[in-house]
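To keep things clear, I will list the structure first and then write my remarks on it.
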Amino acid sequence: MAPPVPPPPPVAPLPLPPLRPPPPAEAREAAIWHFARSPGACTAAASGRTARLQITLRAGHPALFVFYAARGMVRHGPTASGALDFHGAGGGWTAIARIGPGSLAVAALRLDDQTVGRVALLLDGGILTPVGAAGALPALLLPPAGAEGRHWYGCARGLLF
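Numbering-wise, the sequence shown is residues 159 to 319 according to our numbering.
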């Protein structure tokens, strides 16, 4: 009779691959409002640490919502589109944005009651997020604009008449 065959040596389990860190949370920056008025034009800006939204309203021209950021954004080809998406306590809206050179997203809207209504929602506070091709940009946390914002809103409404 042959001697018993010893069992094979235990095999060490393969090490697990290192866990990937979770993707970073969406970058959000608290913003501060600034307002300017001149004959025929109203400009508001909400500035964060690295990002800024500028709203320019002029009689007889499209309303411009321009989002700038210090860091670059993803571009797909010579032109790209994305959107500016806003959500606040009073409601929300989304506007198609053109992605320009550098760190720029521009939404041009007809200056009408609906657009001025969108501005009113922004002034009430909420979060503005660039989405789509513009998704490499931080979101802006917009505080309520207060009395100065309400005064500026009067300028914006006055451009409609």
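Ideal Cβ positions, reconstructed from N, Cα and C, are used throughout, including at glycine. Computed from a predicted model, the values in this text were never measured in an experiment.
Item to check | Distance, Ala297 Cα to Pro181 Cα | outcome: In this predicted model, Pro181 has a pLDDT of only 42, less than 50, meaning its place in the structure is not dependable; the value taken from the coordinates is given anyway. Spanning the two alpha carbons is a distance of roughly 16 Å.
Item to check | Gly312 versus Gly258 - alpha carbon distance | outcome: Their backbone Cα atoms lie some 31 Å apart in a straight line.
Item to check | Length of the line joining the Cα atoms of Trp310 and Ile254 | outcome: Answer to the nearest angstrom: the Cα atoms are 25 Å apart.
Checklist entry - How would you label Leu318, buried or exposed, when you count the other beta carbons within 10 angstroms and need 16 or more for buried? => result The residue in question, Leu318, is exposed, as its Cβ has fewer than 16 Cβ neighbours within 10 Å.
Checklist entry - Do you know how far the Cα of Ala160 is from the Cα of Pro167? => result Whole-angstrom Cα-Cα distance: 20 Å.
Next on the checklist: Just to confirm the assignment, what range does the beta strand (DSSP E) spanning Gly240 have?
Outcome noted: Segment 238-246, the beta strand (DSSP E) holding Gly240.
Checklist entry - Smallest Cα separation from Pro197: which of Thr214, Leu262, Gly249? => result Checking every option, the nearest Cα to that of Pro197 belongs to Thr214.
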